[in-house]
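Student: In the numbering used here, the protein residues as written are 16 to 411.
1. For residue 286, count the other beta carbons within 10 Å of its own beta carbon; 16 or more makes it buried, fewer makes it exposed. Which is it?
2. Can you tell me where the alpha helix (DSSP H) holding residue 395 begins and where it ends?
3. Using the three-state DSSP reduction, which class does residue 30 fall into: helix, strand or coil?
4. Out of 139, 310, 302 and 349, state which residue places its alpha-carbon closest to the alpha-carbon of residue 332.
5. If distances are taken between C-alpha atoms only, which option among 154, 101 and 117 comes closest to residue 200?
6. Our contact map puts residue 336 next to residue 155 with C-beta atoms below 8 Å; I'd like the distance itself, whole angstroms only.
7. With distances taken from CA atoms, which of 276, 381, 161 and 342 is nearest residue 254?
8. Between residue 398 and the rest of its own chain, which residues show a CB-CB distance below 7 Å, the 5 nearest in sequence each way excluded?
9. Nearest to residue 146 by CA position, among 178, 342, 42 and 171, is which residue?
10. Is residue 17 buried or exposed, if buried means 16 or more other CB atoms sit within 10 Å of its CB?
11. According to DSSP, is residue 165 helix, strand or coil?
12. Given a cut-off of 8 Å on the beta-carbon distance, is the pair residue 113 and residue 40 in contact?
13. Quick one: grab the DSSP three-state call for residue 212.
14. With C-beta atoms as the reference, is residue 319 less than 8 Å away from residue 313?
15. With a threshold of 6 Å on Cβ separation, who are the neighbours of residue 131 within its own chain once the five nearest residues in sequence on each side are excluded?
16. On the three-state DSSP scale, how would you describe residue 311?
17. Would you call residue 226 buried or exposed, if buried means 16 or more other Cβ atoms sit within 10 Å of its Cβ?
18. Specify the secondary structure class of residue 261 as computed by DSSP and reduced to three states.
19. Please go through the same chain and pick out, in chain order, the residues whose beta-carbon is closer than 6 Å to the beta-carbon of residue 189, but skip the five residues on each side of it.
20. Can you confirm whether the region 164 to 174 touches the region 42 to 53 when touching is taken to mean that 3 or more C-beta pairs between the two stretches lie within less than 8 Å?
21. Quick one: Cα of residue 37 to Cα of residue 161, how far?
22. Using the C-alpha atoms, what's the distance from residue 360 back to residue 63?
23. Considering just the uninterrupted stretch of the alpha helix (DSSP H) at residue 347, what are its terminal residues?
24. If you compare alpha carbons, which of 304, 203 and 204 is closest to residue 248?
25. Alpha carbon to alpha carbon, what distance is there between residue 174 and residue 269?
26. Within 10 angstroms of its Cβ, does residue 411 collect 16 or more other Cβ (buried), or is it exposed?
27. Go ahead and pull the three-state DSSP assignment for residue 51.
28. Residue 186 and residue 140 - do their beta-carbons sit closer together than 8 Å?
29. Would you decide whether residue 54 is buried or exposed? Buried here means 16 or more other CB atoms lie within 10 Å of its CB.
30. Would residue 88 and residue 351 qualify as a contact pair, given that the criterion is a beta-carbon distance under 8 Å?
31. Could you tell me the alpha carbon to alpha carbon distance between residue 61 and residue 260, rounded to whole angstroms?
32. Looking only at its own chain, which residues have a Cβ that is under 6 Å from the Cβ of residue 103, when we skip the five neighbours before and after it?
33. Please report the distance separating the alpha-carbon of residue 356 from that of residue 85.
34. So what's residue 375 in DSSP terms, helix, strand or just coil?
35. What separation, rounded to the nearest whole angstrom, lies between the Cα atoms of residue 412 and residue 151?
36. Helix, strand or coil for residue 404? Go by DSSP, reduced to three states.
Structure (structure tokens):
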């Protein structure tokens with residue numbers, strides 16, 4: 016599938032309605048994946064499970080996301096990508112129904128595993144699909160629009176989940192999502208153009224991309240920055256409770272501030288990433304490391320913590336747009352294969368970062384946890400370096 020950055024039909028203006036339908040899909044995926052964090056205790060109580068078990072059910076989606084991101088393009092073969100995306104959205108709908116109806120812990124695990132397949136499958140195809148929906152010079156803008164769904168979900172999913180959970184119960188929260196996803200499925204069916212592919216991707220081709228030095232270097236750099244980000248982000252609550260001495264209200268406000276700041280990151284990504292992708296790969300880990308280092312030992316200044324977290328939230332969304340723009344520009348001859356690898360790498364990095372952060376937190380405390388995050392993000396900056404090492408050679 017050569018020239019995948021161009022539209023698949025004569026619509027030179029691009030399929031922007033389809034881009035917006037993918038944006039809603041992103042918001043629903045992120046909300047479905049992370050909203051249970053705010054509902055952990057009632058889910059555990061409702062299913063006669065421990066909080067630890069409920070936490071495992073939530074995290075199991077990450078494992079299946081890694082597997083699905085590696086398998087989706089290969090298993091889908093030559094299937095029309097429109098129908099593959101519709102299948103992913105349909106699976107998300109089914110998983111939400113299963114979660115809302117779950118009679119026991121086992122059914123919850125199955126539903127979360129199904130959701131993980133949707134997450135990994137969707138993200139592995141998303142950048143390649145965006146490249147087929149809009150002209151090449153609009154890719155970063157379309158990616159920014161799509162990632163605004165992530166910003167919306169990150170900002171509002173947890174607070175809404177907690178609030179609605181008190182009103183209608185945790186099952187009711189998931190039932191609220193069901194009709195929204197159903198509408199999204201219909202919207203995608205109408206707006207997505209036919210996207211046939213004449214090439215079946217094999218594992219050899221996919222992992223063969225890692226033989227390209229610049230791509231392998233970029234993947235390692237992306238692993239470092241995402242692991243560093245989630246080593247810090249996962250443990251914001253204990254940081255705010257122990258260092259800032261904040262209560263639940265302050266925690267909610269700071270998390271909301273971080274999420275809302277993400278909209279600025281999507282704007283920056285949409286406006287500048289297309290022409291300055293490498294600058295994003297350099298700037299994001301630099302700012303994140305400075306912010307996280309600034310939080311270490313900072314206590315008593317809620318204002319300064321809020322400012323730093325807002326900066327971090329901007330970088331969090333700009334980070335994703337920067338890396339996906341880099342992929343679209345430097346692996347444009349095999350975007351699905353590259354998308355599969357980078358999504359698997361990111362999901363694995365998130366799991367590793369959260370796990371490593373937990374070990375550091377239990378063993379050494381929150382400041383050492385954040386210091387570990389700084390080391391990982393700076394490692395990403397060093398790998399990107401001047402940028403030449405992660406750019407496709409002109410001869411390719």
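For glycine and all other residues, C-beta sits at the position ideal for the given N, C-alpha and C. Bear in mind that the values here come from a model prediction, so they are computed numbers and not experimental data.
Tutor: With the structure as the only source:
1. A residue is called buried once 16 or more other Cβ atoms fall within 10 Å of its Cβ, and residue 286, having fewer, is exposed.
2. Boundaries of the alpha helix (DSSP H) harbouring residue 395: 381 to 399, taken from the DSSP string.
3. DSSP, read as helix, strand or coil, puts residue 30 in coil.
4. Taking residue 332 as reference, the option from 139, 310, 302 and 349 with the minimal CA-CA separation is 302.
5. Taking only the C-alpha atoms, the option nearest residue 200 is 101.
6. Confirmed, Cβ separation roughly 7 Å.
7. Of the candidates 276, 381, 161 and 342, the one whose C-alpha sits nearest the C-alpha of residue 254 is 381.
8. Only 232, 235, 236 and 239 meet the Cβ criterion.
9. Nearest neighbour of residue 146 by Cα position, chosen from 178, 342, 42 and 171, turns out to be 342.
10. In this prediction, residue 17 scores a pLDDT of 41, lower than 50, which makes its location untrustworthy; no coordinate-derived value is stated.
11. Correct three-state label for residue 165: helix.
12. Pairing residue 113 with residue 40 gives a Cβ-Cβ distance that is not under 8 Å.
13. In this structure, residue 212 counts as coil in the three-state DSSP scheme.
14. Contact flag set, yes.
15. Spatial neighbours of residue 131 in its own chain (CB-CB distance under 6 Å, excluding positions within 5 residues in sequence) are listed in chain order as 76, 79 and 80.
16. The answer is coil: DSSP assigns residue 311 none of H, G, I, E or B.
17. Classified as exposed, residue 226 has fewer than 16 neighbouring CB atoms from the shown chains inside 10 Å of its CB.
18. Of the three classes helix, strand and coil, the one that applies to residue 261 here is coil, per DSSP.
19. Result list for residue 189: 111, 114 and 115, in chain order.
20. Enough Cβ pairs lie closer than 8 Å, so yes.
21. C-alpha of residue 37 to C-alpha of residue 161: approximately 6 Å in a straight line.
22. Roughly 34 Å between the two C-alpha positions.
23. Unbroken run through residue 347: none, as it is neither H nor E.
24. Measuring from the Cα of residue 248, the nearest candidate turns out to be 304.
25. The alpha-carbon atoms of residue 269 and residue 174 are separated by roughly 11 Å.
26. Because residue 411 carries a pLDDT of 47, less than 50, the predicted location of this residue cannot be relied on, and the following value inherits that uncertainty. In summary, residue 411 is exposed, with fewer than 16 beta-carbon neighbours lying within 10 Å of its beta-carbon over all protein chains present.
27. For residue 51, the three-state secondary structure derived from DSSP is helix.
28. Cβ atoms of residue 140 and residue 186: not closer than 8 Å.
29. Taking a 10 Å sphere around the C-beta of residue 54, we find 16 or more other C-beta atoms and assign the residue as buried.
30. Contact: yes.
31. Using only the alpha carbons, I get a separation of about 31 Å.
32. So the list reads 133, 136 and 137, once near-sequence residues are dropped.
33. Distance between the alpha carbons of residue 356 and residue 85 is about 6 Å.
34. Residue 375 falls in the helix class under three-state DSSP.
35. The structure shown does not extend to residue 412, since the chain spans only 16 to 411, so no value can be given for it.
36. Assignment of residue 404 by DSSP, reduced to helix, strand and coil, places it in the helix class.
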